[in-house]
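A short write-up of the structure that comes next.
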């Protein structure tokens with residue numbers, strides 16, 4: 001049997017009274033649901049055969065296979081000991097054995113879920129459909145004969161005493177796509193943002209965002225103008241609703257940390273009604289990242305974290321340099337059993353109302369990784385804080401902190417491992433430098449994590465075209481803005497137009513040392529240090545005084561030696577993997593310390 005799926009094989013399982021196995025399917029998504037002390041894993045899947053997709057569950061028995069080795073996204077699975085079953089609204093493929101037999105690529109199309117196909121053609125379903133009371137399972141012990149086993153009783157969903165007329169078949173959030181038109185979800189509002197205003201060439205407007213949560217995942221929703229007025233007060237964080245007839249758009253991952261590939265937009269046809277029964281709808285959903293792993297994440301990544309509150313700073317007011325707008329800010333520090341401490345910035349209402357004592361457990365959803373002066377977090381406008389959540393992770397953390405964590409010392413990521421960027425010219429930092437050849441020989445950046453190293457090198461070439469991009473003026477946004485026909489600059493994230501952009505550097509340069517050459521990327525903070533002026537000022541200099549611009553580059557930057565702090569990370573470009581080197585710190589050389597470091601090296605050699 002070829003180790004690739006056969007298109008139509010999922011439908012064939014339902015069209016024959018005797019299911020066949022093994023079957024090869026591709027994993028589109030998978031999520032570990034639970035694991036016991038003996039290593040038995042329950043894994044949720046969305047599988048496809050190249051034509052249709054199906055919800056699936058790996059559910060090993062006590063005496064068989066306990067887990068699936070080498071499981072990756074888009075891999076091919078050879079599945080056996082399978083069972084077709086269902087809940088009141090969804091079909092499932094449950095299997096006890098599987099092995100990875102190949103690696104596929106991301107599908108070019110979205111395959112319709114088998115439920116939608118069989119709901120339109122119930123005559124194709126030989127298993128009895130969603131109303132059937134039997135699940136068909138292959139019995140390998142009796143030579144392939146069909147055995148009929150009672151299927152789990154459908155999960156009863158209590159409805160309000162007056163069920164809304166628009167509520168039809170209930171879909172799970174992970175089933176939603178533009179290919180379904182008549183759907184309803186039953187979901188909890190896990191987050192609701194503030195009503196915001198915006199201005200563009202079409203006039204003023206308002207919007208708000210919220211997230212809906214069920215047992216399969218979360219999806220983001222947005223309401224504009226009339227829809228925002230209609231649904232803002234109706235939707236309350238923590239309550240459960242029936243939602244139907246929303247517009248389905250592709251998700252914008254730069255605006256949200258949710259993993260769903262689509263998002264909802266409320267319009268005039270949208271129908272929402274509160275549900276009295278919130279059974280089986282989870283209240284919380286987090287994908288926690290341990291604090292010690294944050295140093296390996298990309299800047300601006302949006303994550304969830306949980307920790308014990310170690311310190312609470314005073315509330316302070318700051319003013320955004322770009323807009324002059326005042327903000328309230330409060331920094332707090334959390335710790336976890338990885339022995340790391342993390343500084344988190346809270347803003348405005350969250351900062352003002354924060355009054356939790358030290359020793360409390362705090363879970364944050366939607367925190368942004370910052371890379372200024374080391375690693376820290378900032379709670380995004382769409383993020384949320386949960387105090388002392390009623391979860392196993394929370395109870396375990398509280399027990400650990402009360403018994404031992406309260407007396408431990410913690411390592412801060414406010415500064416990077418090794419020499420901090422403010423001490424690139426300290427003697428220890430100089431002694432820890434690597435040459436370009438050493439960095440390449442040690443394969444820095446080729447691992448799953450990013451690597452940092454110190455480097456002394458000379459800038460030999462600086463790209464002077466496309467060295468910046470026009471960014472949003474709003475504090476903390478930095479997204480690219482597009483010029484509009486009326487001359488304003490539009491930020492899609494903030495839904496706002498600006499009279500002018502804030503130009504930010506993305507600078508590329510070539511450096512040499514005695515052993516080799518590297519291409520480096522400098523973002524706004526480090527590029528400003530190197531050039532000595534903002535990107536906007538450099539653009540003006542280039543356009544108005546080109547001679548002075550060339551003199552600045554040729555005289556003050558080219559062929560000049562600097563101390564660099566480099567972050568090396570594997571990146572993919574045009575289908576090929578390569579190491580990307582980014583400058584996370586730079587400084588001019590301190591020749592006094594250079595001499596002292598050289599003396600120490602000589603002492604080691606002579607002794």
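Numbering (full-length UniProt numbering), first residue to last: 1 to 607. Glycine included, C-beta positions come from ideal geometry on N, C-alpha and C.
By the neighbour-count criterion, in which 16 or more other beta carbons inside 10 Å mark a residue as buried, residue 363 falls on the buried side. With contacts defined as CB atoms closer than 8 Å, residue 49 and residue 5 qualify as a contacting pair. Taking C-alpha positions only, residue 366 is separated from residue 213 by approximately 15 Å. Residue 73 sits close to residue 27, with the two beta carbons spaced by under 8 Å. The alpha-carbon of residue 443 is positioned some 41 Å away from that of residue 386. Close CB contacts of residue 558 within its chain, under the 8 Å cut and outside five residues either way in sequence, are with 459, 460, 461 and 462 (chain order).
For residue 577, the enclosing beta strand (DSSP E) has its first and last residue at 576 to 588.
Annotation: residue 315 to residue 326 spans about 13 Å, alpha carbon to alpha carbon.
The way I'd put it, the region 483 to 492 doesn't touch the region 584 to 595; fewer than three beta-carbon pairs between them come closer than 8 Å. When DSSP states are grouped into helix, strand and coil, residue 57 belongs to the strand group.
Short of 8 Å from the beta carbon of residue 424, and not among the five residues preceding or following it, lie these beta carbons of its own chain, in chain order: 454, 563, 564, 565, 585, 586 and 587. Listed in chain order, the alpha helix (DSSP H) runs fully inside the region 405 to 489 are 427 to 431 and 436 to 441, counting runs of at least 4 residues. Per the DSSP secondary-structure output, residue 591 pairs with nothing in a beta bridge. Nearest to residue 281 by C-alpha distance, out of 208, 240, 97 and 299, is 240.
A check of alpha carbon separations from residue 331 across 497, 410 and 355 identifies 355 as the nearest. Measuring C-alpha to C-alpha distances from residue 263 to each of 176, 506, 55 and 182 identifies 176 as the nearest. Here residue 33 has 42, 43 and 44 as same chain residues with Cβ atoms under 7 Å from its own Cβ, once five neighbours each way along the sequence are excluded.
A check of alpha carbon separations from residue 456 across 447, 435, 93 and 340 identifies 435 as the nearest. In the DSSP assignment, residue 34 falls outside any alpha helix (DSSP H) and within the unbroken beta strand (DSSP E) covering 23 to 35. Cβ neighbours of residue 125 within its own chain (closer than 6 Å, five residues either side excluded): 14 and 118.
Under the three-state reduction of DSSP, residue 214 is assigned to strand.
Per DSSP, reduced to three states, the secondary structure at residue 289 is coil, with no helix or strand assignment. For residue 472, the number of other beta carbons within 10 angstroms of its own is at least 16, and it is reported as buried. About 47 Å separates the beta carbons of residue 450 and residue 268, which is beyond the 8 Å limit, so they are not a contact pair. For residue 400, the uninterrupted alpha helix (DSSP H) run begins and ends at 392 to 403, by DSSP.
Counting C-beta atoms within 10 angstroms of its own C-beta, residue 98 has 16 or more neighbours from the protein chains shown and is therefore classed as buried. Closest by C-alpha distance to residue 40, out of 59, 335, 402 and 570, is 59.
According to DSSP, residue 571 shares a beta bridge with 578. Nearest C-alpha to residue 516 among 9, 560, 235 and 441: 441.
Residue environment: residue 92 is assigned as buried (16 or more neighbouring CB atoms within 10 Å of its CB, all protein chains considered).
One alpha carbon belongs to residue 283, the other to residue 90, and they sit about 22 Å apart.
Taking one beta carbon from each stretch, the region 510 to 530 and the region 541 to 550 have fewer than 3 pairs nearer than 8 Å; the two do not touch. Under a 10 Å Cβ-count criterion, residue 383 is classified as buried, with 16 or more other Cβ atoms of the shown protein chains found around its own Cβ. Annotated three-state conformation of residue 326 is strand, per DSSP. When the five nearest sequence neighbours on each side are left out, the beta carbons in the same chain lying within less than 6 Å of the beta carbon of residue 35 are those of 41, in order along the chain.
Excluding its 5 nearest sequence neighbours in each direction, residue 66 has C-beta neighbours in its own chain below 8 Å: 38, 39, 40, 41 and 60, listed in chain order.
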